[in-house]
Amino acid sequence: MLKKIPLHTQIIIGLVLGLIFGLVVIKTSIPNSFTIDYIKPFGTIFINGLKMIAVPLVLASLIVGVSNLGDVSKLSRIGGKTIGTYLVTTVLAVTIGLVLVNVFKPGKSLPPETRENLMSLYEGDAGSRVGQAAELQKQSPLQPLVDIVPENVFRATTDNAAMLQVVFFAILVGIALLQIPKQKADPVIAFFDGLNDVIIQIVNYIMMIAPYGVFALMASLIVEIAGENPDSAVQLLMALLKYSLVVVGGLLTMIMVIYPLILMAFTKVKYLDFFRAIRPAQLLAFSTSSSSATLPVTMKQVEEELGVSEEISSFVLPLGATVNMDGTSLYQGVAAVFIAQALGMDLSLTQQLMIVLTATLASIGSAGVPGAGLIMLIIVLESIGVPAAGIALIIAPDRILDMFRTVVNVTGDATVCTIVASTEGELPDGLIRKSNPLTPNESVQDTE
């Protein structure tokens, strides 16, 4: 019976039941120790599972993604335009998210006692963090660039905090595979392609326990932060609402402001026409939370409704489904700062710039599979020294926000595809032929 319920529905049920269970525990005589000793471990297992496959997922998917470009010469023109524009829109998205979260400060709305409770839960070694901050202040401003290049790549793969070094190495390997003889490169690419499929299957296994992990995380979080003051649980929920509004506000800014301005600057396409053309893809993205599942629809709409050539769309859009995650990157920026604020940690300008860099590069290796967004958020958190377990704070509304940010991801892919086609002179002056409106295919499986 449970298998007939879509996974995203199971996750929502899990977080709601976890919330209810936590509130029942703090309002009744049920001992808190039962939740901490017998419920919380399942949430910890779920988090550890996500962290376990973070490095191999990024390494394999990024090597395959870069090597699939075909040859280095494509990067000179179409590839250069595509990747460059994707990187620019991703940086803009993260920056907008950071600006909004620093202006509205949703994590600061928690009262000091609740923040201290959270700090004790996720940041027991506060003293060591102060020492680390002092050491960072003594470092060169260019130290983050130095840290990108690993001394020992095998050591880097054993430390999630060194994910940027893994990303750097994976990009180098992907480029090298494009430049060595094909007969030698193909077996290596096939190996990492197979490894990537294996890791994605492991992610599927981990997501099978996601509803139970979410239940455990939510229930234990409510019990732990409530302490002697049950009202603090309500205060956390209000902070989560504010956080969610900040994320949605940033995503709407991308769709209603940034993308229209970019289209206006590089194409003659009216944004309302563009919006109507890709609306079926946006609806499918919202319902499945998967850029990969939406890709065939996105390609169909961009080609048939906007007139983009198949040559452009078949290169730009699949690449975008792999490396362009504007909505996810914006969410990661907001979530990272919100968690830090909730834990009472003040992030320096250097750390926030590191969020921009890490979220941008991590998005390149972000796979279109369930749980990838959380994995990339863990990478961002650990790169700035914020406890990864803090994602328990934002996992409750994550499913709903995932639906919104996937819409932005797909819209960003279509926007860049239209721009590249226009700059290549392969886009008609106006909206061309209109095909029958496409209804999202019910046979497309929900990958969440």
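For the sequence shown, the tail end lands on 448 under our numbering, and the numbers increase by one without skipping.
Even for Gly, the Cβ is constructed at its ideal location relative to N, Cα and C.
Pick out whichever of the options has its Cα sitting closest to the Cα of residue i.
{"i": "Ala340", "options": "Ala185, Thr35, Leu393, Pro318", "result": "Leu393"}
{"i": "Leu172", "options": "Pro31, Leu62, Thr328", "result": "Leu62"}
{"i": "Asp326", "options": "Asp147, Thr360, Ile36", "result": "Thr360"}
{"i": "Ile47", "options": "Thr82, Val203, Gly80, Ile189", "result": "Val203"}
{"i": "Gly80", "options": "Met207, Leu349, Ile209, Val316", "result": "Val316"}
{"i": "Phe154", "options": "Leu59, Leu178, Ile222", "result": "Leu59"}
{"i": "Ile400", "options": "Val308, Gly425, Glu426, Phe286", "result": "Phe286"}
{"i": "Leu217", "options": "Val420, Thr423, Leu427, Leu15", "result": "Leu15"}
{"i": "Leu330", "options": "Val55, Val101, Val25", "result": "Val101"}
{"i": "Pro387", "options": "Arg405, Leu343, Lys184, Thr411", "result": "Leu343"}
{"i": "Val91", "options": "Gly425, Val337, Asn32, Ile355", "result": "Ile355"}
{"i": "Phe404", "options": "Ile258, Ser422, Val247", "result": "Val247"}
{"i": "Pro31", "options": "Ala265, Gln201, Ser220, Ala210", "result": "Ser220"}
{"i": "Ala93", "options": "Val416, Lys105, Thr328", "result": "Thr328"}
What's the call for residue i, buried or exposed, on a 16-neighbour Cβ count within 10 Å?
{"i": "Ser109", "result": "buried"}
{"i": "Gly124", "result": "Any answer about Gly124 is weak, because its pLDDT of 43 lies below 50 and its placement is not dependable; what the coordinates show is given next. Answer is exposed; the Cβ neighbour count stays below 16."}
{"i": "Val88", "result": "exposed"}
{"i": "Gly84", "result": "exposed"}
{"i": "Ala190", "result": "exposed"}
{"i": "Val234", "result": "exposed"}
{"i": "Gly194", "result": "exposed"}
{"i": "Asn475", "result": "Residue 475 is absent from the model: the chain starts at 1 and stops at 448."}
{"i": "Val146", "result": "exposed"}
{"i": "Lys4", "result": "exposed"}
{"i": "Ile391", "result": "buried"}
{"i": "Phe34", "result": "exposed"}
{"i": "Leu347", "result": "buried"}
{"i": "Ser128", "result": "At Ser128 the pLDDT is 42, less than 50, meaning the model places this residue with poor confidence and gives no usable figure here."}
{"i": "Thr294", "result": "buried"}
Rounded to the nearest angstrom, what separates residue i and residue j at their Cα positions?
{"i": "Met345", "j": "Pro6", "result": "37 Å"}
{"i": "Met208", "j": "Val408", "result": "26 Å"}
{"i": "Gln301", "j": "Ile278", "result": "6 Å"}
{"i": "Leu377", "j": "Asn152", "result": "24 Å"}
{"i": "Ile384", "j": "Tyr38", "result": "31 Å"}
{"i": "Ile180", "j": "Ala170", "result": "16 Å"}
{"i": "Phe42", "j": "Thr82", "result": "42 Å"}
{"i": "Val55", "j": "Asn324", "result": "19 Å"}
{"i": "Val198", "j": "Lys270", "result": "43 Å"}
{"i": "Ala281", "j": "Ser314", "result": "16 Å"}
{"i": "Leu178", "j": "Leu349", "result": "37 Å"}
{"i": "Ser29", "j": "Phe21", "result": "13 Å"}
{"i": "Gly425", "j": "Met299", "result": "18 Å"}
{"i": "Gln165", "j": "Ile148", "result": "5 Å"}
{"i": "Pro187", "j": "Leu319", "result": "22 Å"}
{"i": "Thr9", "j": "Gly307", "result": "37 Å"}
{"i": "Leu245", "j": "Val380", "result": "21 Å"}
{"i": "Glu303", "j": "Leu427", "result": "10 Å"}
Is there a C-beta anywhere in chain D that falls below 9 Å from the one on residue i?
{"i": "Val337", "result": "Absent here is chain D; the protein component of the structure consists of one chain."}
Would you mind listing the alpha helix (DSSP H) stretches within the stretch 141-189 that are 4+ residues and don't spill past its ends, in chain order? If we require 4 residues or more, the alpha helix (DSSP H) runs fully inside the stretch 141-189 come out as 143-148, 153-156, 163-179.
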